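All remarks here apply to the structure that follows.
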Amino acid sequence: MWSKRKGLTITGLFMFAGLFAVACGTQTVEVEVTREVEVEVEVIKEVEVEVPVGGELVTLVARCRARPPTEDWRCNNLLFGVAEVNADLEAAGDSRRVVLKTIQDNTGFGDIMQEFALAYEDGQAPDIVLTGHEFIGTEATAGRIVSIESMIADYPEFDNMIDGLWASVTFKGERWGIPQDTEARPIYWDMNLLASVPGWDAARVDGLAAEIEAGNFTLSDMLDAAEAAVGAGVVDAGMGFWMRPSNGTDFTGVYYAFGGETIDAETGTLVYDTVAGLKFYQFFERGLTGDGAHSFLTGDWGGSYHPNVSGGNVLFWAGGSWQWAEWADQWTGDLGGEAYQFENWGYALYPAGEAGGSASTLSHPLAYLVSAQSEHPDLALALIAKATTDEANTRHAINSTHLAILTTQASYEPYASAEFLASVTYMLDFSRFLPNNPNWGTYQQTTFDALSGVQAGELTAQEAVDFVVETLENQLGDEIIILG
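Going by my numbering, the first residue of the sequence shown is number 121, and it counts up by one from there.
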């Protein structure tokens with residue numbers, strides 16, 4: 121076992137083939153057993169295989185970040201690929217056979233990558249780690265993962281990858297990972313509440329998504345509606361617009377909406393745009409002082425965010441496409457789940473920050489990375505390839521409400537018939553990504569600390585920008601470009 125993980129209760133089906141000693145003359149018999157097991161431990165699964173006489177058994181370890189049960193296919197698709205990889209090895213006359221162990225839970229991305237670094241120091245890093253693409257710059261610079269640029273062409277499964285997603289795993293001109301999933305971050309709204317706001321009616325509500333896509337409805341317009349809703353008593357003060365209650369990718373999406381940039385394409389150096397940054401903080405400052413938005417950073421997920429946005433208390437909210445399934449399963453199930461959400465909620469891209477701008481969304485692909493300590497990176501990538509098919513990725517997409525990563529999935533019937541997924545796939549054409557830079561963690565934390573100050577009323581928007589500039593220059597020196 122690579123590392124001890126926090127326990128949880130799961131019930132699953134495990135299928136095993138018999139594994140016997142490899143020795144001259146040893147008889148092997150395949151045995152398949154299906155059994156239901158309930159355990160209160162980390163999600164660790166092992167697939168065992170039959171090895172030919174004289175062959176080599178290669179044990180690979182995969183570490184996946186996944187929120188159970190909706191995201192379990194992140195590692196489970198690798199398990200499903202073991203038999204196919206071994207069949208390919210047999211057909212090619214390769215005497216190696218693969219056995220896979222997986223470790224999967226909902227540990228935070230930063231914690232997983234810290235564990236990965238510590239395991240690497242001990243010479244016990246997993247062969248495959250699934251994490252956010254933004255860690256590629258750090259891991260590649262540290263030498264803990266391998267570039268797969270020269271190997272990608274050996275696996276035809278990767279030919280159908282949506283071309284724009286390759287940018288999310290590219291660092292210094294080379295690809296260092298395979299996208300496993302992606303998503304959109306829509307703005308959602310309660311249609312019934314919005315139709316009750318002065319100046320709005322059902323027809324205008326129905327046309328809002330198209331107006332946002334065309335750039336005709338901005339973030340400022342959204343706060344106008346939020347403030348009008350509070351003024352008319354449609355929602356309580358502060359309930360016009362909400363975002364996540366903790367640090368995360370979503371806030372960078374708002375910065376992008378105001379025209380901000382995070383990285384210089386030629387040098388790979390991080391960029392902070394003070395003009396866009398000021399507009400970003402002014403947006404949240406206005407939301408707080410105008411009663412349209414709440415100081416949502418004082419809340420939490422289960423106690424405030426989810427029950428309020430799904431419970432008809434908030435007019436507009438920023439969320440993830442993957443949360444659609446979570447809301448239907450855990451928060452609106454007694455109201456009808458997904459059917460209720462379709463009937464009562466609207467959703468669209470992030471509006472442009474201001475007139476003349478463009479609607480957008482921020483996608484945060486997760487990526488399979490191959491450890492530099494893996495003795496068989498070709499087999500690790502072969503397993504990843506088997507998880508990168510229409511069938512495999514659609515299993516994950518439907519279960520977790522993540523979007524397609526392959527061009528062929530849009531016409532793959534199980535994906536095409538998933539109404540919500542099909543309705544938001546167009547957002548991938550408007551996607552922006554986080555930068556792959558080893559200093560991104562410092563940048564993100566600094567800009568969030570400033571936002572927390574604005575939300576608490578301790579910093580003005582201009583003071584927040586000044587704080588960001590001073591902190592980034594002190595901590596990053598020549599590794600940050602300040603614009604504006």
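From the three backbone atoms N, C-alpha and C, an ideal C-beta is built for every residue, glycine too.
In this text the structure is predicted, and so the values were computed from the model without any measurement.
- If you compare the alpha carbons of Ala346, Val544 and Thr567 with that of Gly368, the shortest gap goes to Thr567.
- A residue is called buried once 16 or more other Cβ atoms fall within 10 Å of its Cβ, and Gly456, having fewer, is exposed.
- Taking each of Phe540, Arg264, Pro276 and Ile307 in turn and checking the Cα distance to Ala239, the smallest one comes out for Arg264.
- Taking the Cα positions, Ser215 is about 11 angstroms away from Ala207.
- Taking the CA atoms as reference points, Ala245 sits about 31 angstroms from Thr372.
- Phe436: member of the beta strand (DSSP E) spanning Phe436 to Ala438, first to last residue.
- By the CB criterion at 8 angstroms, Thr481 and Arg364 fall outside the cutoff.
- The three-state reading of DSSP puts Gln300 in strand, counting E and B together.
- From the listed residues Tyr467, Ala448, Leu469 and Ala468, the smallest Cα separation to Ala459 is found for Ala448.
- Note that the region 549-569 touches the region 371-386; at least 3 beta-carbon pairs, one per stretch, sit closer than 8 angstroms.
- The alpha carbon of Gly473 has as its nearest neighbour, out of Ser340, Trp444, Ala505 and Glu259, the alpha carbon of Ser340.
- For a cut-off of 8 angstroms, the C-beta gap from His522 to Asp301 is around 4 angstroms, short enough to register as a contact.
- In the pairwise beta carbon analysis, the region 390-397 is classified as touching the region 596-604: at least three pairs are separated by under 8 angstroms.
- Between Gly419 and Gly439, the alpha-carbon positions lie close to 15 angstroms from each other.
- Judged by DSSP in its simplified three-state form, Arg515 adopts helix.
- Rounded to whole angstroms, the separation of the alpha carbons of Gly466 and Arg324 is 12 angstroms.
- Non-local C-beta neighbours of Glu347 in its own chain, meaning closer than 8 angstroms and more than five positions away in sequence, comprise Gly360, Gly410, Asp411 and Gly412, ordered along the chain.
- Counting every other CB atom within 10 Å of its CB across the protein chains shown gives Val374 a total of 16 or more, marking it as buried.
- Cβ atoms of Phe291 and Ala260 come within 8 angstroms of each other, at about 5 angstroms.
- Judged by DSSP secondary structure, Leu554 falls outside any alpha helix (DSSP H); it is assigned neither H nor E.
- With contacts defined by Cβ atoms closer than 8 angstroms, Leu503 and Leu250 do not form a contacting pair.
- Assignment of Gly373 by DSSP, reduced to helix, strand and coil, places it in the helix class.
- In this chain, the alpha helix (DSSP H) harbouring Ile332 covers Leu328 to Glu333.
- Across the set Tyr532, Ile525 and Val354, the C-alpha of Ile525 shows the shortest separation from the C-alpha of Asp549.
- The shortest C-alpha to C-alpha distance from Gln493 to any of Leu541, Ser267, Gln565 and Asp192 is the one to Ser267.
- For Ser430, the CB contacts under 6 angstroms within the same chain, skipping 5 residues up- and downstream, are Trp447, Trp451 and Thr452 in chain order.
- Within the DSSP secondary-structure output, Cys184 pairs in a beta bridge with Gln224 and Leu250.
- Collapsing the DSSP output to three states places Tyr535 in a helix.
- Exposed is the label assigned to Asn594, since fewer than 16 other Cβ atoms lie within 10 Å of its Cβ.
- Of all alpha-carbon atoms in Ser478, Ser537, Gln582 and Asp569, the one lying nearest the alpha-carbon of Ala330 is that of Ser478.
- Listed in chain order, the non-local C-beta contacts of Pro534 below 6 angstroms within the same chain comprise Thr514, local neighbours out to five positions each way being set aside.
- Cβ-Cβ separation between His253 and Pro485: approximately 5 angstroms, consistent with a contact (criterion under 8 angstroms).
- Spanning the alpha carbons of Ala512 and Ala475 requires a straight line of approximately 41 angstroms.
- In this chain, the alpha helix (DSSP H) harbouring Leu199 covers Trp193 to Ala211.
- Cβ contact annotation for Asn312 (same chain, cutoff 8 angstroms, sequence separation greater than five): Gly432 and Asn464, in chain order.
- Secondary structure note for Trp465: its beta strand (DSSP E) is the uninterrupted segment Trp465 to Ala468.
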